[in-house]
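Student: Numbering (UniProt numbering), first residue to last: 1 to 219.
Here a beta-carbon is modelled for each residue, glycine too, at the ideal position from N, C-alpha and C.
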Amino acid sequence: MARIALFGGHGKVALHLERLLADAGHETSAFIRNPDHADDVRAAGGTPVVADVEKMDIAEITELLRGHDAVVWSAGAGGGNPERTYAVDRDAAIASMTAAQEAGVRRYVMVSYFGARPDHGVPEDNSFYAYAEAKSAADTHLRGTDLDWTILGPSALTLDPPTGRIEIEGHGASDKGQVSRADVAAVAAAVLERPETVGRTIEFNNGDVPIDEALDALR
1 MARIALFGGH GKVALHLERL LADAGHETSA FIRNPDHADD VRAAGGTPVV
51 ADVEKMDIAE ITELLRGHDA VVWSAGAGGG NPERTYAVDR DAAIASMTAA
101 QEAGVRRYVM VSYFGARPDH GVPEDNSFYA YAEAKSAADT HLRGTDLDWT
151 ILGPSALTLD PPTGRIEIEG HGASDKGQVS RADVAAVAAA VLERPETVGR
201 TIEFNNGDVP IDEALDALR
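1. Apply the 10 Å Cβ neighbour rule to residue 1 and answer buried if 16 or more other Cβ atoms are within range, or exposed otherwise.
2. May I ask which residues mark the beginning and end of the beta strand (DSSP E) holding residue 111?
3. Inspect the CB distances between the segment 60 to 68 and the segment 113 to 121 and report whether three or more fall short of 8 Å.
4. What three-state label does DSSP hand residue 193 in the structure shown?
5. If you follow the beta strand (DSSP E) that residue 117 is in, where does it begin and where does it stop?
6. Beta carbon of residue 40, beta carbon of residue 107: below 8 Å?
7. Touch check for the segment 129 to 149 and the segment 83 to 99: three-plus C-beta pairs under 8 Å?
8. Using the Cβ count rule (16 or more neighbours within 10 Å means buried), how would you classify residue 104?
9. Starting from residue 63, trace the alpha helix (DSSP H) in both directions and tell me its first and last residue.
10. At what residues does the alpha helix (DSSP H) containing residue 156 begin and finish?
11. Do you know offhand how far residue 109's Cα is from residue 20's?
12. What's the call for residue 46, buried or exposed, on a 16-neighbour Cβ count within 10 Å?
13. At which residues does the beta strand (DSSP E) containing residue 29 begin and terminate?
14. Closest to residue 24 by C-alpha separation, out of 4, 145, 38 and 76, would be which residue?
15. Please name the residue or residues paired with residue 180 in a DSSP beta bridge.
16. According to DSSP, residue 205 sits in a beta bridge with which residue or residues?
17. Whole angstroms are fine: how far does the CA of residue 125 sit from the CA of residue 27?
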C-alpha cells in the first residue's frame, strides 16, 4: 500500500483516480478547497483534506506532504481568471514541487496537457494563453528538479466512459485527439506503479492500444 497526495481532489480526473487507487489498495489524501466536497471524495475512496494550496506557503504544503509516497498534481484554477490561473496552475504547482522535495516525497506525477511547452503557440489575446503559460512554466520547473517526475499530457478531455485504450505521441497520437477523463486517471494510476516512466513526458489520447501495452512500448 502506498500513500498518495492528490492535489485537486474533487476534480473529475481526481475522483476517477481515487477510485482506482482505492481498488488497488492505496490510500489517497485528496486536497480540496471546499469542505462541501468531502463526501464526494469519501465516496470515491479518498480521504478528504481541506487545504487551499493557493493560500498556503511552502512550509505549510510541506507539512501536508510528509509521510506520503507520491504526489499527483491534478489541480487547476479552471480558467477564466488569468491572475488566479497563474496563482494556482503555476505558482502553487511549483510550490508543491519544492514542498515535495523538502518533505522527502520523491515521486511526482503532473497532469498537464498535450502541447504544453514554452513555444505553445497560443496567442496572447486567446483566453487559453494564461493557462498555456502557467502549465509551461510549471512543467519546465518540474523537469529541472531532482524529483522522480512524470508529466502526463492528455489531449482534449471528454466525459466519455473509460476505454482502457490510448495512443501515445510518437506512436500515432496527435494533439487534435480526445481522451476521456477516466482514461487519464487510469494512465496516472498506471505510471505511479511504473518507475520506468520517471523522467518522461507522456502525451496521449484515446486510441486502440491497451494502456499497459502502450506504456510498455515506452521502455
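Tutor: According to the structure shown:
1. Taking the sequence shown and counting its residues from 1, the one referred to as residue 1 is at position 1. Exposure of residue 1 is indicated by the presence of fewer than 16 other C-beta atoms within 10 angstroms of its C-beta.
2. Reading the sequence shown from its first residue, position 111 is the one you call residue 111. Unbroken beta strand (DSSP E) run through residue 111: 107 to 111.
3. By the C-beta criterion, the segment 60 to 68 is judged not to be in contact with the segment 113 to 121, since fewer than 3 inter-stretch pairs fall below 8 Å.
4. In the sequence shown, the residue the question calls residue 193 occupies position 193. In the three-state reduction of the DSSP assignment, residue 193 falls in the coil class, being assigned neither a helical nor a strand state.
5. What you label residue 117 is simply residue 117 of the sequence shown in a count that begins at 1. For residue 117, there is no enclosing beta strand (DSSP E), as DSSP marks it with neither H nor E.
6. In the sequence shown, residue 40 corresponds to position 40, counting from 1. In the sequence shown, residue 107 corresponds to position 107, counting from 1. No, the pair does not count as a contact, with Cβ atoms beyond the cut-off.
7. Segments in contact, yes.
8. Mapped onto the sequence shown, residue 104 falls at position 104. With a threshold of 16 other beta carbon atoms within 10 Å, residue 104 falls short and is exposed.
9. Counted from its first residue, the sequence shown places residue 63 at position 63. Here the alpha helix (DSSP H) through residue 63 covers 58 to 65.
10. Taking the sequence shown and counting its residues from 1, the one referred to as residue 156 is at position 156. Not the alpha helix (DSSP H): residue 156 falls in the beta strand (DSSP E), residues 156 to 158.
11. Translated into the one-based positions of the sequence shown, residue 109 becomes position 109. Translated into the one-based positions of the sequence shown, residue 20 becomes position 20. Answer to the nearest angstrom: the Cα atoms are 15 Å apart.
12. One-based indexing of the sequence shown puts residue 46 at position 46. Buried, because 16 or more other Cβ atoms sit within 10 Å of the Cβ of residue 46.
13. In the sequence shown, the residue the question calls residue 29 occupies position 29. DSSP places residue 29 in the uninterrupted beta strand (DSSP E) bounded by 27 to 32.
14. Within the sequence shown, residue 24 is the residue found at index 24, counting from 1. Just measuring C-alpha positions, the residue of 4, 145, 38 and 76 sitting nearest residue 24 is 4.
15. Here residue 180 refers to the residue found at position 180 of the sequence shown. Among the bridge pairs identified by DSSP, residue 180 is matched with 158.
16. Taking the sequence shown and counting its residues from 1, the one referred to as residue 205 is at position 205. Partner residues in the beta bridge of residue 205, as assigned by DSSP, are 167.
17. Working through the sequence shown from its first residue, we reach residue 27 at position 27. Working through the sequence shown from its first residue, we reach residue 125 at position 125. Taking the straight line from one Cα to the other gives about 42 Å.
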